[in-house]
Amino acid sequence: MSKPQVVVYGASGYTGKLIAEYLAKRGISFIAAGRSESRLKAELGKVPFVDRVEVQYAALEHTVEALTELFLGVKVVINVVGPFAQLGREVVQACLSAGAHYLDTTGEQDWVIDCKAEYGQTFADKKLVLAPATSWMWNAGLLAAEVALETSGIDSLDIVYAPNGNPSPASTKSFLRMCCQPQLKLELNKFQPWPQATAYEATVPGFHQHLLALPWSGGCEPVWYADDERVQNCSVLTAFTNRPMMELVVAKMKEFADLAPTLSAKEQEELTNAWGESICSTEPPREIEEINRVVISCWARGNTTVKHVVFFNTCGYLQTGVMAAELADRLLRNQHKRVGFTSAVHAVGHRELIAACAEEGMHCWEPA
Ligand SMILES: NC(=O)c1ccc[n+]([C@@H]2O[C@H](COP(=O)([O-])OP(=O)(O)OC[C@H]3O[C@@H](n4cnc5c(N)ncnc54)[C@H](OP(=O)(O)O)[C@@H]3O)[C@@H](O)[C@H]2O)c1
Numbered sequence: 016m017s018k019p020q021v022v023v024y025g026a027s028g029y030t031g032k033l034i035a036e037y038l039a040k041r042g043i044s045f046i047a048a049g050r051s052e053s054r055l056k057a058e059l060g061k062v063p064f065v066d067r068v069e070v071q072y073a074a075l076e077h078t079v080e081a082l083t084e085l086f087l088g089v090k091v092v093i094n095v096v097g098p099f100a101q102l103g104r105e106v107v108q109a110c111l112s113a114g115a116h117y118l119d120t121t122g123e124q125d126w127v128i129d130c131k132a133e134y135g136q137t138f139a140d141k142k143l144v145l146a147p148a149t150s151w152m153w154n155a156g157l158l159a160a161e162v163a164l165e166t167s168g169i170d171s172l173d174i175v176y177a178p179n180g181n182p183s184p185a186s187t188k189s190f191l192r193m194c195c196q197p198q199l200k201l202e203l204n205k206f207q208p209w210p211q212a213t214a215y216e217a218t219v220p221g222f223h224q225h226l227l228a229l230p231w232s233g234g235c236e237p238v239w240y241a242d243d244e245r246v247q248n249c250s251v252l253t254a255f256t257n258r259p260m261m262e263l264v265v266a267k268m269k270e271f272a273d274l275a276p277t278l279s280a281k282e283q284e285e286l287t288n289a290w291g292e293s294i295c296s297t298e299p300p301r302e303i304e305e306i307n308r309v310v311i312s313c314w315a316r317g318n319t320t321v322k323h324v325v326f327f328n329t330c331g332y333l334q335t336g337v338m339a340a341e342l343a344d345r346l347l348r349n350q351h352k353r354v355g356f357t358s359a360v361h362a363v364g365h366r367e368l369i370a371a372c373a374e375e376g377m378h379c380w381e382p383a
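Numbering (the numbering used here), first residue to last: 16 to 383.
What follows is the structure, given as C-alpha cells:
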C-alpha cells in the first residue's frame, strides 16, 4: 500500500473534516492524522466523498520526532490543530525535517508573523511552501484586495469581514487568544497596533444597521502586504453579525487587559483557553448557504483613484475546506506560483482561488 501524498493533521475536528471532504471530492487520497485513531475513524466516517478515496489513519504523539516520521515521503501537510501559536511549531519543524509543504488554517496574526520570521527563509531555501492561514480568515479579504489592486494607483486597503456563523471549539480558543494579543495594521509600511479592547461601529454594505467590529487579531492582510511594494496601508476589521457574541468578546478583552499585567505569557494562554472551553465545547452544525451568508468589503484608495470591491458570499468554514484542498491539489501538481512564506491567494492566484470557491457555489465570480 503506497503512502498518500497529503496529511490532514487534526482531521477529526470540524474544519479537518471539511478539508477531508474537499480533498476526497477531488479524488485526493490522504492520511487522516490526530491523537486518537478511533475518533479519527468515527469522525471521518461521517464525511461525504471520503469513501471514494484511500484514507490511511495515523494516531501519534504531538512531537517533532513522531510528526517527522509520519511526514517522511509526504508532499503536503495540512495542519488543522489549533490554537497554532500554542501547538503549531512542532508541525512546522517536522515539515522542514521531512521536506513537506506546510499549510495551516490559523486565523492568529501573531502566529503568521512568527512563521514568516522563524521559518520563511528556510522554507524558501528548500523550495517548500509555508502557507499559514490557508483559510477563509484571512484569504477572503485578500481576494477582494487583489481584485482592487488590478486597478493601477491603488496603495491603501480598508477591509471588513462580516460573517454570520458560529465558531468551533478550537476556533473559540483561537479567537479569544488572538483578540487579547497585540493586533496590528499596516500604516505607511510599518506595523502599528490597534488600541487595546476597543470596538468600532462599522458600516458594511448590505446592512442598514451598523455592525460592531473588532480587529479580531488584525487579520493577516497587513502581514501578506508587509513587504509588498504595491501597498502602504492596510487595515482589517471583523464584524460578526451576532452582536451579543461581539459584545461578549469586547467584555473579555477588557477583562484580559486588566488581568494581563499580573500574568505570565503561559498563564495568559491558559486563561484564554479556559474562557474558550467554557464558551464553546461542541461542534457547530454544518454551515448552510441560506444562513451562513458573509460580506467582504474592501475600500481601496490611491491619490486620485478609488475602488470598492464587495463580495456577497457564503460559508467561511466550507470555503476554508475548498481553499486548503485547492492549494494542496496545485502543490501535488507543482502548479504553485510561490515558494517560502506565502498566502494561499498568492500561491494559487486570486482569480483561480475565487474560481475554486465559485465552482462550489460559495463565491460570486465577480464582485458586486
Ligand atoms: N481562519 C479561519 O478562517 C479558520 C477556519 C477554520 C478553522 N480555523 C482554525 O483551525 C483550528 C481548528 O479548527 P476546528 O474547527 O477544526 O476545531 P475543532 O473542531 O475544535 O478541532 C480541533 C482539532 O485539533 C485536535 N487537537 C486539539 N488539541 C490537540 C492537541 N493538543 N494535540 C493534538 N491534536 C489536538 C482535535 O483532536 P481531537 O479530535 O482528538 O480532540 C481536533 O482534531 C482552530 O484554531 C481554528 O481557529 C480557522
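Glycine included, each C-beta is placed from N, C-alpha and C at the ideal position.
Check whether the Cβ of residue i lies closer than 8 Å to any heavy atom of ligand 1, and answer yes or no.
i    : result
T277 : no
L102 : yes
S293 : no
A177 : no
K267 : no
W151 : yes
P98  : yes
S189 : yes
C332 : Residue 332 is actually Tyr in this sequence, not Cys. Yes, the beta carbon of Y332 sits closer than 8 Å to at least one heavy atom of ligand 1.
P300 : no
V95  : yes
R54  : yes
P182 : yes
E375 : no
H223 : no
A148 : yes
A26  : yes
Y37  : no
S186 : yes
S51  : yes
E341 : no
Y72  : no
H378 : no
Y134 : no
Y29  : yes
H116 : no
T256 : no
E84  : no
G122 : yes
E216 : no
E165 : no
H77  : yes
In the DSSP output, which residue or residues are listed as bridge partners for residue i?
i    : result
H116 : V91
A205 : For the record, residue 205 in the displayed sequence is Lys; it is not Ala. K205 pairs with E202.
W314 : D173 and H323
V22  : I46 and V92
T145 : The sequence given here has Leu at residue 145, not Thr. For L145, which the question treats as bridged, DSSP gives the partners Y117 and F356.
C249 : L172 and L201
N328 : V309
E216 : L227
Q124 : DSSP output for Q124 lists no bridge partner at all.
Y72  : A47
Do we get a CB-CB distance below 9 Å when we pair residue i with the residues of chain E?
i    : result
L278 : Absent from the structure is chain E; it holds one protein chain and no more.
Cβ contact (3+ pairs, closer than 8 Å) linking the segment 306-323 and the segment 159-176: Yes, the segment 306-323 touches the segment 159-176.
At least three beta-carbon pairs within less than 8 Å, the segment 373-380 to the segment 341-353: When C-beta atoms of the segment 373-380 are compared with those of the segment 341-353, fewer than three pairs fall below 8 Å, so the two segments do not count as touching.
The segment 295-314 touching the segment 149-163, judged by at least three CB pairs closer than 8 Å: yes
At least 3 beta-carbon pairs within less than 8 Å: the segment 23-38 vs the segment 54-67: yes
contact_flag[the segment 213-231, the segment 242-260] where n(CB pairs < 8 Å) is 3 or more: yes
The segment 239-248 touching the segment 289-309, judged by at least three CB pairs closer than 8 Å: no
Sufficient close CB pairs (3 or more, under 8 Å) joining the segment 181-195 to the segment 270-289: yes
Three or more C-beta pairs below 8 Å linking the segment 121-132 and the segment 328-348: no
Segment contact flag, the segment 211-218 with the segment 136-156, C-beta cutoff 8 Å, min 3 pairs: no
Given 8 Å, three or more beta-carbon pairs between the segment 72-85 and the segment 28-44: no
Cβ contact check for the segment 110-122 and the segment 93-101: 3 or more pairs under 8 Å: yes
Any alpha helix (DSSP H) of 4 or more consecutive residues that is wholly inside the segment 240-290: 258-274
Three or more C-beta pairs below 8 Å linking the segment 100-119 and the segment 65-84: yes
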